[in-house]
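Below: the structure, in structure tokens.
In the UniProt record's numbering, the protein residues as written are 1 to 608.
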């Protein structure tokens, strides 16, 4: 085991040891499943061991998580946002160590590893602001004396199943928003990146403990397909967010749908870059390089297809091969490395088999095409000339393999872009506005991400991330993604009742001066009883009456019930700020006959 190596000493700062329990359930670490090894993809040597969760561990964790959700959803959203803010700060304090672990265990270069952790920190910041904007709406009713509103409430428990290529960022896209929306989170990280799962959980658990909150609010499991299937089948989990292959995603969707659960899928991509004849060629070449080679081609947004206009085809290919020759391959933790290893030895084997299939379908290897003889999982960055109709082009080969093909017209290029089953990301390089608008419009790219003059990879948290067709249709981050993590209810209220002929009197604005901090009625009618000479008409208080209170509140009378001794007024008080969220609070005021309400009264100034 390589844990004793000096370069692994930083792992202790993240709560990772040579042997680790892989289940965090009800605030406690344990693990009663099989023991697995975390492997360094650079040399396939063991970093540390992890004991995975058993099904009983899962059940124990889910019982506690389900119970904790009853508490967490009652905490005000801005307070939940404060917890997520603290999580972001805790991650920020260990940014370098976490980024180094991502590079060590996953295999992506160090700048990418640190960038991934920064992404979840940014997502925390984004979610904090969102915690004060989970707005409902007031809907005009077509029925007289009716109030209609839409409200959002937490789902309860959200399950997050993440993939190896972004072992912590995808968690952030889901968990940060799910938490501020009032949901507990159950996370199953990729079985080949268990140390990242443990390190991330340690940080989040520490924040919960410092705030005297149940650890079960965030529950995590290291495990394989058995734990994933349990999450998909569990009716206590109201939403399952799955990131992975289309094949497994379909199985998850089927299982979750059978129990009428909600599913958010981020699946395979088969992304194309189109380079028009008027494009900035040096910019396009630089963009294609990292889009195709970055993360060793193991991003869902990796550029896998390059479509070149026939007039620039040969020129661009020559330039691209030239920059491919300059790519530095090696240890992802070493400065200057651009291409690290594939994640596992199995991935390396799939690459080699993929090359055989490509050749059998008429593909011509223009650069690379071979695995590197080493103890690690290194393969050459590869450029393949092939027909867009070849079967292998329709599939996602998870590695640094770029298919190049030529086209004559924009219409043909768009058709090729849209011809694959997947629909995640796409990009076009051009200077012509008419081409850009065509590309962005309904007859352009059919992908969820449609770029212009930038590569297919990379995503900002402010924009919705996800794709169409076999990519799953899910969206993470972005302006309204929070709605996926909540349930919407529409409620209606009939405002009935009469005054039974009784008359009530209110202070006019003249007599309200100096009392603006109290609950006041702002009507131009008065019966103050405080001085003589105020002769404004005395209004009757009737069902449906509306009038302004101090500053911004709006009061509506719902009903008035009168007996010889008691008058009971039911009202709603809500925020009247344009564009603001209407929060209605029901209250009841009992007024004894003959009682005069004084200035110091905290309620309505009403005299009978």
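Cβ atoms here follow ideal geometry from the backbone N, Cα and C, with glycine treated the same way. Quick caveat: nothing in here was measured; it's all calculated off a predicted structure.
The C-beta distance from residue 217 to residue 68 rounds to 5 angstroms, short enough to fall under 8 angstroms. Each residue's CA atom was taken as its position, placing residue 14 and residue 170 some 19 angstroms apart. Non-local C-beta neighbours of residue 78 in its own chain, meaning closer than 8 angstroms and more than five positions away in sequence, comprise 131 and 132, ordered along the chain. By the Cβ-count criterion, residue 212 is exposed, with fewer than 16 other Cβ atoms from all chains shown falling within 10 Å of its own Cβ.
Residue burial annotation: residue 105 is buried, with at least 16 other C-beta atoms found within 10 angstroms of its C-beta.
Under the 10 Å beta carbon count, residue 491 is surrounded by fewer than 16 other beta carbons and is classified as exposed.
Cβ contact annotation for residue 363 (same chain, cutoff 8 angstroms, sequence separation greater than five): 384, 385, 386, 390, 392 and 403, in chain order. Exposed is the label assigned to residue 494, since fewer than 16 other Cβ atoms lie within 10 Å of its Cβ. Each residue's CA atom was taken as its position, placing residue 291 and residue 300 some 11 angstroms apart. Secondary structure in the region 156 to 236: the alpha helix (DSSP H) runs of 4 residues or longer, each lying completely within the stretch, are 169 to 180, 194 to 210 and 225 to 233 in chain order. The DSSP-derived three-state label of residue 45 is strand.
When C-alpha distances from residue 305 are compared across 166, 63 and 406, the shortest belongs to 406.
Contact annotation, residue 180 with residue 256: C-beta distance approximately 23 angstroms; criterion of less than 8 angstroms not satisfied. Taking C-beta separations shorter than 8 angstroms and ignoring five residues to either side along the sequence, the partners of residue 224 in its chain run 52 and 191, following chain order. Beta-bridge annotation (DSSP): residue 29 is paired with 24.
Here the region 44 to 51 makes no contact with the region 111 to 118; the two share fewer than three CB pairs at distances below 8 angstroms.
Taking 9 angstroms as the cut-off, the Cβ atoms of residue 152 and residue 479 do not count as close.
At least 9 angstroms separates the beta-carbon of residue 16 from that of residue 203.
For residue 274, the CB contacts under 6 angstroms within the same chain, skipping 5 residues up- and downstream, are 307, 413 and 428 in chain order. The alpha-carbon separation between residue 294 and residue 150 amounts to approximately 44 angstroms. If you ignore the 5 residues before and after residue 161, its C-beta comes within less than 6 angstroms of the C-beta of 188, 228 and 242, all in its own chain and listed in chain order.
Here residue 418 carries a coil assignment [DSSP, helix/strand/coil]. As far as DSSP is concerned, residue 145 takes part in no beta bridge.
For residue 338, there is no enclosing beta strand (DSSP E), as DSSP gives it neither H nor E. Secondary structure of residue 327 (DSSP, three-state): coil.
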